[in-house]
Each structure stands twice: as structure tokens, then as C-alpha cells.
Amino acid sequence: MKKKDVIYKVITTVILLLMSVCALVPFVYLIIASFVEDMSQVFKNGLSLQITPDMLGIKNYLMLFTEDDRSYLYWYKNSIIITLLFTVISLFFSSLVGYAVTVYEFKGKKPLIIVILSTMMIPVEILMLPLYNEMLAFKLINTYAGVVLPFAVSGFAIYFFMQYTKAIPRDFLDAARVDGCGEFRIFIQIMMPMMLPAFGTMGILQAMTAWNDFLWPLIVMSTNRNFPLTVGLQTYLSPYGNNYNMLFAGAVLSVIPILTVFLLNQKSFVSGLTVGGVKG
Amino acid sequence: MTFIGWDNYKRALTDTHLSAAVINSILFTIGILILNIVIPVPLAVVLNDKKTIFRTGFRSAIYLPALTSIIVAGIYFRLFFGSGDQTPLNLFMTWLHLPARQWLYDTKITGIFVLVIMSTWRWLGTNTLYFLAGLQSIPEELFEAAEIDGANAYQRFWNIIIPGLKPIIVFVITILTYGGLRMFGESFVMWVNGSTPGDIGLTIVLYIYKTAFGHFDTGYASALSVILFICLMLINLLYIRFLGIGKKEESR
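Sequence order for the protein chains is A and B.
Here the working numbering is used: the first residue of the first sequence is 1, the next is one more, and so on.
Here the working numbering is used: the first residue of the second sequence is 1, the next is one more, and so on.
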């Protein structure tokens, strides 16, 4: 190897190492701090670096589960339910719409596609007021349905399934039709199994969106017991005092599900993120 | 409910909180645009290079922050940018013989700096992934041809990689502008419950949120939403016109 190559390799490796450290330090810090029992040792208006092993223990985690009103457990349950509902509804309806507007010919198909795709351009934040009023009118405030329904079926997910359906040969459909298979059964028994990778990728992305969403559940949910994790954890911080013990431990536990899913499905994550923008 | 014509829009013109929020949001957007283009492009090039060791490991590490929620990121960064002398950042400042700062409450600029760093931490991995995917779509022959012609790494970067990545760069600029101008959660978390003193860290959407759900001034908040929507659409049109989004669709 030439000397120049060696220098290049050393420099790039050092830079990559530095960037990885910057990316990972917050995780490491959160995990270590979540085991510190006396938080006043760590915070003198910020976080200090002086942590010694004898300060550590699992008291913070125990507190989460033995809290009087069990709020953390409720938040965890809410997050799981919201994420599951959101993902299932999103996958089912987005794939149906994406499939239908790709495979079938009907009047007004083009304008419909344009309307669907242009919803991707409208920022969610602008809709929060009218949607809030709509939820009020539907009496869905402070319910799971109110959190899940408005955003479950998105233009992005439909677009994703449109792209995927395009790649599947139509011969399968025609063969099934000749054999007398109904349209809905074609979708369930023939298309769905073939779209399985797409379901996996989109499912992970939508689950991550739902799990980490903050603004909309903050607006819709009004009682502590109905908060998902993101909104609930935020209540540990208040102008009247911060409960860092439970905040740190709670935050660490809240990242674990999504981290596990990521580590098990790294490939799907990557392909899902890049399908939307890069294909064009 | 009474109809008041253009009054809410007139009020917006002279609202100093709004102008502060707009300036904050614009500066924030410029900040993340710079950091999230200048760092990820070379980063993706290095991560795409077969000579680089531990490529998958580095990719995963750099992407991990994208998995966190704003809340989790906010917990760390609120403390990282805390005002005590013993915080890592202020220790570093002292080491550089610079004064320790109250990052969250000093000036609007330090407030924006904090927001830009926190957002970049969370968004960098995703943007790097976009560029990585873009790099893989550049035909291998171009690099081979460049090698035969004796082009050095610098020339390859500016004459093959950058033009080849142009569609992705345009795409990332668009989503960053969108994400930047509608940023809300970061501010809400850094200054607990969005209680931004002296409008430090106040963003457009945070202001709309506070107007609507804090002061229950729905009419004014709606007017502000409409203004934001129109501005975003105008920026969108400008991008389409000058950066050439959509040209690809025609050639398809």
C-alpha cells in the first residue's frame, strides 16, 4: 500500500470514530445517569461528568414500577397500543389504496393520485387547529382513535405501496381472475404475500413514527393516564421541579423497543428511508 | 364567533413575537441546511468507499440518534447545554479559555445554536443514508473512466460525485427546509413546555401552538397557520423553479 493511502485511511477512520462517538455519547450518558440514585450529585444546573460507581443502583427503575399511580406503566401501555393501531391501520389502508390506484383503471384516477400525493406537501403542524376542532366534533378528544386516525393513512405510505405494486407483474392477477378469484381475495391471498417485504419496511417506519410522535398526542390527550411515553416523560419536567430520576430511567426504557427493532432489521430501515425520495 | 375581516392578518404584520419567531426559524433552517449538507456528503462518500474499515458499524452508529424521540434527545441536550460550570460543554469552553455560557438563556443566537446542534444530532444519520443511496446509483463506469484519465480524488468529488448526487442534494434541501421551518418539538423540549424567555428559541409553529392552545386565540392562530402554509408553498415553488425538481418526472 502506498504511504498516501495509509494516511487517508488513518484520517478517515479517526473522523468516523469521532463522529460515532458524538452520536453515541448521549446514549451512554443517559444509560449511566439512569442508574445514579442521588441526582443532586449530577446536576449542578446542568450535567457534570463526575460519576463514581458507588453512586449507582437500580432504584430509579424500581420507582417507575412502584409509583403510586403507576403512570409510567400506563404510558408504556398507551404507546404500545397507539403504535400497534397506527401501524396496522396504516399498512392495511395504505396498501389497499396504493394497490387500487395502480392496478385499476377508473374515471378520475389521475386527479385522485395528484390529490393523494400533494397531501405530502402539507405540513402536519398547519392542520393541528382544524383537526383539533374535528376531533372535538367527533368526540375523539382524549381517545386512542383521536391520536391514531388523522395521520395513520399518509400520502407517503400510499406512494410507497404504489411504487411497490408497479413492480409486480400483472400476469398473476389475470391468471387468478381466469380461475374465478374475487378482487378482494386476489389482494389478500396473492398481492399481500408478494408485498411482504414492503409491509415489513413500511411497518417499521410507521411504528417508529407513531412511537416517537409528540405534537399530536400532546394536543389530543388531556389526562395523564392517557398520555403516550413521549408526552408522559415530558411531564417529569415542570417549572416547579424536575424528576430526573424517573425521567432518565423512563427515557432509557422508552428507547429499547425501537432500538431492538432497528438492530434486528437494519436492511429494511435503510431501504424504507430511501425509497421515497431517491427513486425519481 | 364574529367575522373580523383582515384584522388577524394586520395584527400579524406588527407582532414582534411573530417576527422574532420567523427570524429564529429562518436562522435555524439556514443552520441545519449548512450542517446537514456539508457534513453528510463527504461522510457518505467515505462510508461508501470499500477501503474504509468497519463501514456497517460506523453507519449504524451514525444512524442510531435518528431512532430517538425528541423527548429523549431533549433530556440529554438540555443538560449538555446547561449553564453550570461543570457541564461538558462549559468545561470545554474553559479549556479553550473562553467564558462559560448560559447556552439556553444567553442570546437568541446561542439558542439557535443549541437547536441546530440538537437537530443535527438527530437528523444527520438519515441524511447520510439518503446520500449513500444516491452514491450507489452513480454508474461505476464513470469512476473507472475518471481513473483511466488520471483524475484525482478532488476532481472525482467535484466532477462526478457532486453532479451525480444533485437530485439527492435538491431533495435533502427541500425536506430540510420543510423540517426546519416547521420545527416545534425541539424548542418545546429544550425550554420546558415552550416557555421561551425573551423569545429565545421561539419558532413559528411553537408560537402558533402557544397562541392556539395556551391563549386559546384560535382565530389568530389560524391566520398564522395560513400564512405559514402560503410561505411554505411559495418556497416550494421557488425550489421547483430554480433547483429543477420535477424536471426528472418529465423525462420519465
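For every residue, glycine included, the Cβ atom is placed at its ideal position computed from N, Cα and C.
Just so it is clear, the structure is predicted and the values come from calculations on it, not from any experiment.
- Counted as a single uninterrupted DSSP element, the alpha helix (DSSP H) harbouring E144 of chain B occupies residues 140–148.
- By DSSP's assignment, V147 of chain A forms no beta bridge with any residue.
- In the DSSP assignment, T260 of chain A falls within the unbroken alpha helix (DSSP H) covering 244–264.
- Judged by DSSP secondary structure, Y76 of chain A falls within the alpha helix (DSSP H) whose first and last residues are 71–103.
- In this structure, G31 of chain B places its C-beta atom within 8 Å of the C-beta atom of I112 of chain B.
- In this structure, the CA atom of C181 of chain A is about 53 Å from the CA atom of I53 of chain B.
- Assigned with DSSP and collapsed to three states, L140 of chain A falls in coil, not helix or strand.
- The DSSP-derived three-state label of L18 of chain B is helix.
- DSSP places I75 of chain B inside the alpha helix (DSSP H), whose first and last residues are 70–80.
- The beta carbon of S225 of chain B lies closer than 8 Å to those of I208 in the same chain, with the five residues before and after it left out.
- Here T102 of chain A really is in contact with T165 of chain A; their C-beta atoms are around 4 Å apart, less than 8 Å.
- Taking 9 Å as the Cβ-Cβ cut-off, the stretch 11–33 of chain A approaches chain B at T12, T13, I15, L16, L17, M19, S20, V21, C22, A23, L24, V25, P26, F27, Y29, L30, A33, given in chain order.
- In terms of beta-carbon proximity, V46 of chain B lines the interface with chain A, with at least one pair separated by less than 8 Å.
- A Cβ-Cβ separation of about 6 Å places N8 of chain B in contact with G219 of chain B under the 8 Å criterion.
- Think of a sphere of 9 Å around the beta carbon of I173 of chain B: no beta carbon from chain A falls inside it, the nearest being about 11 Å out.
- Sequence-distant partners of A176 of chain A (beyond 5 residues in either direction) whose C-beta falls short of 7 Å from its own C-beta, in its chain, are I186, I190.
- Spanning the alpha carbons of I58 of chain A and L206 of chain B requires a straight line of approximately 37 Å.
- A residue is called buried once 16 or more other Cβ atoms fall within 10 Å of its Cβ, and Q206 of chain A is buried on that count.
- For F171 of chain B, the enclosing alpha helix (DSSP H) has its first and last residue at 162–181.
- From the beta-carbon of Q163 of chain A, no residue of chain B is found nearer than 9 Å; the closest lies around 13 Å away.
- Contact annotation: L85 of chain A and V148 of chain A have beta-carbon atoms nearer than 8 Å.
- Excluding sequence positions up to five before and after K109 of chain A, its CB lies within less than 8 Å of the CB of V101, all in the same chain and listed in chain order.
- Taking 8 Å as the CB threshold, A21 of chain B stays off the interface with chain A.
- Residues of chain A with a Cβ closer than 9 Å to the Cβ of K166 of chain B do not exist, since the nearest Cβ in that chain sits about 12 Å away.
- By alpha-carbon distance to K267 of chain A, the top candidate from A:L247, A:V25, A:A198, A:T83 is A:A198.
- Under the three-pair Cβ rule at 8 Å, the stretch 56–76 of chain A does not count as touching the stretch 157–165 of chain B.
- A residue is called buried when at least 16 other Cβ atoms come within 10 angstroms of its Cβ; D5 of chain A does not meet this threshold and is exposed.
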